[in-house]
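Colleague:
2 protein chains.
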Amino acid sequence: MKTSVGIVDDHQLFLKSLGLMLKSFQVYDVVVEALNGKELQEKLKESQITPSIMLIDVNMPVMNGIETAKWLSKKHPQMKLVALSMNDNDSVIIDMIKAGCCAYLLKETHPDELEKALHEIHTKGFYNADASNINYRRLLLTDKDAVAITDKEKNFLQYACTDMTYKEIATAMFLSERTIDGYRESLFGKLKVQSRVGLAMEAIRRGLVTL
Amino acid sequence: MKTSVGIVDDHQLFLKSLGLMLKSFQVYDVVVEALNGKELQEKLKESQITPSIMLIDVNMPVMNGIETAKWLSKKHPQMKLVALSMNDNDSVIIDMIKAGCCAYLLKETHPDELEKALHEIHTKGFYNADASNINYRRLLLTDKDAVAITDKEKNFLQYACTDMTYKEIATAMFLSERTIDGYRESLFGKLKVQSRVGLAMEAIRRGLVTL
DNA sequence: CACCGATACGGGAAATTTCCCGTATCGGTG
DNA sequence: CACCGATACGGGAAATTTCCCGTATCGGTG
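Going down the list, the sequences are from chains A and B.
Going letter by letter, the first sequence gives residues 1 to 211 in the working numbering.
Going letter by letter, the second sequence gives residues 212 to 422 in the working numbering.
Written as structure tokens, this is what we have:
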């Protein structure tokens, strides 16, 4: 019997063609396809299908890969989750692993590696992309200084990545300039930067704000 | 006889699976696959193959989509070029069209639309993604204020998207602070921003600097 | 209830950014 | 050769950012 696989990816072309590729591996059946986490939730509930393996894109509208992985690992703990992404942004990899993914594959992976990965996940339960250049040591290091950013700070970050002055931001957030100043100082420390430009860049790099 | 197609995309998974999808349309033969423009150049020269249609990803390392499209339209003017991208960044679309692409498709396009597009391109020579939300009016408007950015300015932009102060940037570029100041002022005008943060954001948004 | 951490805010100085005023050189071009 | 646009640079003021000093409130928690 073939192994059932689900795919969630907002790029339809990739979603469908990856499905074709999985089928070409002969041993997999694509039983669910969705464009984002929300759609996946609905399809899983409706169809009562539970694939053994789920390939999850990280960047998706409506409901992103991290939320999706969290939901799946809570709702279907036996399901093997595989994160699929284009950028090898460290903090995102960590988040996906934390959210319950047992493997992280880049989209520049060779199909053969995908096949090998899926096979190992199915048999051994995990897969380490040793061939890829993911540096686990660096990962753990960055994890150590992975920091908790409050909702208010995140909100401020959005404004900080803007042409607005701090005074304008304060007005927009209905807060005093001094309060804003506190957020800034706190974030400078957390993200290890020294200027607003550095802050904005780091925020984008970490995916804390969407451009 | 089947129509010959080439694909250039740095994401191997996408490259290969898209190839499978094209084959599944029955009337296309994928004759060349490359991970970037440079590799494509070599493969085309070596094999002496000239596909009728070339699908070109915009974001690629080594040699990106714009350069690749320019080279192809000069070297193989009869080849139909199709830009393939994930973001619908206006200025990039314009650049790809200018570089000789006769169509621009997003990766979130549905496979049916891709099939339709390829068919139209093959028969009529062009394709307009009317179903997609590309707003041509907006495109032309942004084109009007598309501005020429000099190499020096681009170099400065890289530094501006950094934690460095202008003084440090000046030192790093072996120029006076005043000269740097001129670049800044010029770019503020060209990109219509009023602060360094705004400049940095716009630079990233337009793909002028890579994060 | 005393203490603490999170949150909000004020005053002010130093550094940096932004914007204005100029000048000088240099390679075309009419 | 006079003129012009591109490039490089200097001086200085105003605005903004960055960083320091505080204080006050409030919801837990020992």
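Positions of the beta carbon are idealized from the N, C-alpha and C atoms, including for glycine.
Source: prediction; values computed, not measured.
Counting only the same chain and skipping the five closest in sequence on each side, list residues whose C-beta sits under 8 Å from that of Glu326 of chain B.
Modeller: Phe236
Colleague: What does Cys312 of chain B touch in chain A if you count any residue whose Cβ is under 8 Å from its own?
Modeller: Under the 8 Å cutoff, chain A gives no residues; its nearest Cβ is about 16 Å from Cys312 of chain B.
Colleague: Going by DSSP in three states, Ala99 of chain A sits in which element: helix, strand or coil?
Modeller: The answer is coil: DSSP assigns Ala99 of chain A none of H, G, I, E or B.
Colleague: Alpha carbon to alpha carbon, what distance is there between Gln12 of chain A and Asn59 of chain A?
Modeller: 13 Å
Colleague: Return the bridge partner residues of Phe3 of chain A from the DSSP annotation.
Modeller: What sits at residue 3 of chain A in the sequence shown is Thr, not Phe. In DSSP, Thr3 of chain A forms a bridge with A:Tyr28.
Colleague: Quick one: complete alpha helix (DSSP H) runs, 4+ long, within the stretch 14 to 80 of chain A?
Modeller: Entirely contained in the stretch 14 to 80 of chain A, the alpha helix (DSSP H) runs reaching 4 residues are, in chain order, 37 to 47 and 65 to 75.
Colleague: So, under 8 Å CB-CB, Gly100 of chain A and Ala148 of chain A are touching, yes? Tell me the CB distance rounded to an integer number of Å.
Modeller: Not a contact, Cβ separation roughly 19 Å.
Colleague: Is the CB of Ala69 of chain A under 8 Å away from at least one CB in chain B?
Modeller: no
Colleague: Going by other Cβ atoms of all chains shown within 10 Å of its Cβ, with 16 needed for buried, is Thr334 of chain B buried or exposed?
Modeller: In this structure Thr334 of chain B is exposed. Its beta-carbon is surrounded by fewer than 16 other beta-carbon atoms within 10 angstroms.
Colleague: Taking the alpha carbon of Leu233 of chain B as the point to measure from, which residue in B:Ala383, B:Thr261, B:Leu368 and B:Met265 has its own alpha carbon closest?
Modeller: B:Met265
Colleague: List, in order along the chain, the chain B residues whose C-beta lies closer than 8 Å to that of Pro111 of chain A?
Modeller: Gln223, Leu224, Lys227 and Ser228
Colleague: Comparing the C-beta of Ser174 of chain B with each C-beta of chain A, is any distance below 8 Å?
Modeller: One cannot answer for residue 174 of chain B here, as it falls past the ends of chain B, which runs 212 to 422.
Colleague: Taking the straight line between their C-alpha atoms, what separation do you get for Ala83 of chain A and Leu106 of chain A?
Modeller: 8 Å
Colleague: Please state if the CB of Leu208 of chain A and the CB of Lys154 of chain A are separated by a distance shorter than 8 Å.
Modeller: yes
Colleague: If you compare alpha carbons, which of A:Asp9, A:Ile121, A:Thr150 and A:Thr109 is closest to Gly182 of chain A?
Modeller: A:Thr150
Colleague: Put Leu157 of chain A into one of helix, strand or coil per three-state DSSP.
Modeller: helix
Colleague: Within a Cβ cutoff of 8 Å, which residues of the same chain sit near Ile332 of chain B, ignoring the five residues on either side of it in sequence?
Modeller: Ile264, Lys291, Val293, Cys313, Ala314 and Tyr338
Colleague: Does any residue of chain B bring its CB to less than 8 Å from the CB of Thr3 of chain A?
Modeller: no
Colleague: Is it a yes or a no for the stretch 237 to 257 of chain B touching the stretch 188 to 206 of chain A, going by three-plus beta-carbon pairs under 8 Å?
Modeller: no
Colleague: In or out: Asn133 of chain A buried (at least 16 other Cβ within 10 Å) or exposed?
Modeller: Any reading at Asn133 of chain A is ruled out, since the residue's pLDDT is 45, under 50, leaving its predicted position unreliable.
Colleague: Go ahead and label Asp112 of chain A buried or exposed: buried means 16 or more other beta carbons lie within 10 angstroms of its beta carbon, across all protein chains shown.
Modeller: Asp112 of chain A is exposed by the Cβ-count criterion.
Colleague: Go ahead and pull the three-state DSSP assignment for Leu84 of chain A.
Modeller: strand
Colleague: In the DSSP assignment, find the alpha helix (DSSP H) that holds Phe399 of chain B and state where it starts and stops.
Modeller: Glu388 to Leu402
Colleague: Listed from N- to C-terminal order along the chain, which residues in the stretch 403 to 418 of chain B have their beta-carbon within a distance smaller than 8 Å of any beta-carbon of chain A?
Modeller: Within the stretch 403 to 418 of chain B, the residues whose Cβ lies closer than 8 Å to some Cβ of chain A are Val404, Gln405, Ser406, Arg407, Val408, Gly409, Ala411, Met412, Ile415 and Arg416, listed in chain order.
Colleague: Might you give, ordered along the chain, the residues of its own chain that have their beta carbon closer than 7 Å to the beta carbon of Met96 of chain A, omitting 5 neighbours on each side?
Modeller: Val58, Gly65, Ile66, Ala69, Ala83 and Tyr104
Colleague: Excluding sequence positions up to five away, which residues of its chain have a Cβ less than 8 Å from the Cβ of Leu18 of chain A?
Modeller: Ile7, Asp9 and Leu55
Colleague: With 8 Å set as the bound, which would you pick, yes or no: does the beta-carbon of Lys167 of chain A sit closer than that to a beta-carbon of chain B?
Modeller: Residue-level contact by beta carbon fails for Lys167 of chain A and chain B, as no gap is shorter than 8 Å.
Colleague: Quick check: the Cα distance between Arg416 of chain B and Asn298 of chain B, rounded to an integer number of angstroms?
Modeller: 10 Å
Colleague: Judging by CA-CA distance, which residue of B:His321, B:Lys213 and B:Val408 is the nearest neighbour of Leu15 of chain A?
Modeller: B:His321
Colleague: Can you list the residues of chain A that Asp374 of chain B reaches, using a CB-CB cut of under 7 Å?
Modeller: Val193, Gln194, Ser195, Val197 and Gly198
Colleague: Does the separation of the CB atoms of Asp163 of chain A and Val216 of chain B fall below 8 Å?
Modeller: Going by C-beta atoms, Asp163 of chain A is not nearer than 8 Å to Val216 of chain B.
Colleague: If you measure from the beta carbon of Ser52 of chain A to each beta carbon in chain B, is any gap under 8 Å?
Modeller: no
Colleague: Just tell me which of A:Lys45, A:Pro61 and A:Met173 has its CA closest to the CA of His76 of chain A.
Modeller: A:Lys45
Colleague: Compute the Euclidean distance between the alpha carbons of Lys285 of chain B and Ala117 of chain A, then round it to the nearest angstrom.
Modeller: So the two alpha carbons sit approximately 41 Å from each other.
Colleague: Have a look at A:Gln78, A:Pro61 and A:Thr50 and flag the residue whose alpha-carbon is nearest the alpha-carbon of Asn36 of chain A.
Modeller: A:Pro61
Colleague: Looking at the secondary structure, which residues open and close the alpha helix (DSSP H) in which Val408 of chain B lies?
Modeller: It spans Arg407 to Arg416 - the alpha helix (DSSP H) in which Val408 of chain B sits, taken as one unbroken run.
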